[in-house]
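Peer 1: Okay, here's the structure, questions in a sec.
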Ligand code: TXA
Ligand code: MG
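In this note's numbering, the protein residues as written are 438 to 784.
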């Protein structure tokens with residue numbers, strides 16, 4: 438049985454206390470962060486962390502992020518050089534996750550036996566209080582493996598009821614895309630996953646940061662160094678087509694060919710859609726906030742396919758495009774997008 442606990446002002450302290458107790462006793466908890474919901478357990482408890490993989494059907498070679506709420510906790514988890522530590526004192530809490538050399542106290546199950554660990558210091562009141570009380574929490578995003586990340590508690594309850602011990606019922610999260618991950622084990626640092634913390638801000642704080650080949654979202658890693666990146670993520674169950682070219686997108690959604698498609702578009706493009714549409718948002722922050730939520734609306738809709746436009750890859754837009762490409766059935770080039778749509782329609 439899963440306990441679902443409210444976190445409004447009247448219940449906050451009791452609920453956090455209860456969830457922290459469950460974690461300290463080796464249980465699992467779904468909790469909000471500023472990016473997406475996490476599914477966590479005591480980061481130093483091997484058996485508890487095993488339950489995370491079971492609850493999500495997550496492959497054992499896809500490591501977890503360790504969440505902390507102060508710098509003393511960092512000391513137990515990973516090695517960090519003085520210079521980087523000084524910088525992070527001005528940056529954390531925030532959705533910027535660092536890949537660092539791990540300390541022995543972190544069990545191998547958390548890091549899939551790698552000698553590195555992802556460390557994240559979330560900027561969310563509920564997450565911070567929970568970690569303060571329970572200690573470092575190992576947590577991936579709370580979705581079942583291969584599903585889009587969960588950004589609201591209704592979906593969390595629907596998807597994870599009876600799979601975890603407790604769910605904190607905290608409504609919608611702030612950003613809607615996951616944290617940015619930077620590999621700091623070698624210089625120059627490398628961005629492994631774009632996220633809620635922009636590349637521009639990361640560079641202005643950390644200096645030279647290279648964007649890895651995975652940042653665009655076109656390629657999937659096959660190498661052991663970044664195990665998590667080899668899995669398909671974030672995808673709706675229905676086929677989603679990305680049309681990167683703006684004119685071709687408008688042409689398609691205003692044509693009869695889009696009859697069986699749910700259109701996912703910005704406010705500006707909504708007027709072109711001949712059939713059913715979902716407006717992702719007015720600006721890129723709204724689009725990020727709604728993206729995973731709307732992928733699930735697509736799955737629950739009566740349309741057979743989805744079609745989505747591209748967005749400017751500035752700021753959080755880089756993460757948005759990475760997630761869209763990874764979620765898309767086809768994300769190669771404009772012409773091929775259209776050809777693939779034609780092929781599916783003519784099957
Ligand atoms: O915003 C977020 O980061 C959310 C919230 C819950 O904090 N968490 C999240 O976790 O997105 P997850 O597990 O869905 O994504 C973490 C990614 C995975 O692709 C994983 O493989 C990768 O980070 N990762 C974790 N530890 C790693 C390591 N030691 N080496 C390489 N990649 C690692
Ligand atoms: Mg995930």
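Beta carbons: idealized from backbone N, C-alpha and C, even for Gly.
What separation, rounded to the nearest whole angstrom, lies between the Cα atoms of residue 439 and residue 580?
Peer 2: On the chain shown, position 2 is the one that residue 439 refers to. On the chain shown, position 143 is the one that residue 580 refers to. Going by the C-alpha atoms only, they are around 16 Å apart.
Peer 1: Return helix, strand or coil for residue 558, following the three-state DSSP convention.
Peer 2: Along the chain shown, read from residue 1 onward, the residue named residue 558 stands at position 121. Note: residue 558 maps to strand in three-state DSSP.
Peer 1: Leaving aside the five residues before and after residue 568 along the sequence, list all residues of the same chain whose C-beta is less than 7 Å from its C-beta, in chain order.
Peer 2: The sequence position of residue 568 within the chain shown is 131, counting from 1. Hits under 7 Å: 504, 505, 506 and 574.
Peer 1: Any idea which residues DSSP pairs residue 765 with across the strands?
Peer 2: The residue given as residue 765 occupies position 328 in the chain shown. Note: residue 765 sits in no beta bridge, so no partner.
Peer 1: For a test of your reading of the model: does the CB of residue 551 fall under 8 Å from any non-hydrogen atom of the ligand TXA? Yes or no.
Peer 2: One-based indexing of the chain shown puts residue 551 at position 114. It does: the Cβ of residue 551 is within 8 Å (strictly closer) of some heavy atom of the ligand TXA.
Peer 1: So, for residue 699: in the same chain, excluding its five sequence neighbours on each side, which residues have a beta-carbon less than 6 Å away from its beta-carbon?
Peer 2: If you number the chain shown from 1, residue 699 lands on position 262. Hits under 6 Å: 713, 735, 738, 740 and 743.
Peer 1: Going by beta carbon distance, what residues of the same chain come within less than 6 Å of residue 571, once the five residues before and after it are set aside?
Peer 2: Here residue 571 refers to the residue found at position 134 when the chain shown is read from its first residue. Hits under 6 Å: 457, 460 and 461.
Peer 1: With respect to the alpha helix (DSSP H) encompassing residue 455, which residues constitute its N-terminal and C-terminal limits?
Peer 2: Counted from its first residue, the chain shown places residue 455 at position 18. Looking at the DSSP string, the run of the alpha helix (DSSP H) that includes residue 455 is 449-461.
Peer 1: Rounded to the nearest angstrom, how far is the Cβ of residue 486 from that of residue 546, given a contact under 8 Å?
Peer 2: Walking along the chain shown from the start, residue 486 turns up at place 49. Walking along the chain shown from the start, residue 546 turns up at place 109. So it is a contact: roughly 5 Å between Cβ atoms.
Peer 1: Would you say the beta carbon of residue 557 is closer than 8 Å to some non-hydrogen atom of the ligand TXA?
Peer 2: Here residue 557 corresponds to residue number 120 of the chain shown, with the count starting at 1. Result yes, Cβ under 8 Å from the ligand TXA.
Peer 1: Ignoring anything shorter than 4 residues or poking outside the segment 686-730, list the alpha helix (DSSP H) runs there in chain order.
Peer 2: List check, alpha helix (DSSP H) in window: nothing returned.
Peer 1: Confirm, please, whether the CB-CB distance from residue 646 to residue 625 is below 9 Å.
Peer 2: Within the chain shown, the letter at position 188 stands for residue 625. Within the chain shown, the letter at position 209 stands for residue 646. Yes; because the gap between Cβ atoms is below 9 Å, this pair is in contact.
Peer 1: Pick helix, strand or coil for residue 652, following the three-state DSSP scheme.
Peer 2: In the chain shown, the residue the question calls residue 652 occupies position 215. Reduced to three states, the DSSP call for residue 652 is coil.
Peer 1: Kindly list the residues whose CB is nearer than 8 Å to the CB of residue 454, restricted to its own chain and excluding five residues on each side of it in sequence; keep chain order.
Peer 2: As a position in the chain shown, residue 454 is number 17, starting the count at 1. Same-chain partners within the cutoff: 570.
Peer 1: Buried or exposed for residue 508, going by 16 or more other Cβ atoms inside 10 Å?
Peer 2: As a first step, residue 508 is located in the chain shown; it is residue number 71 there, counting from the start. Exposed is the call here.
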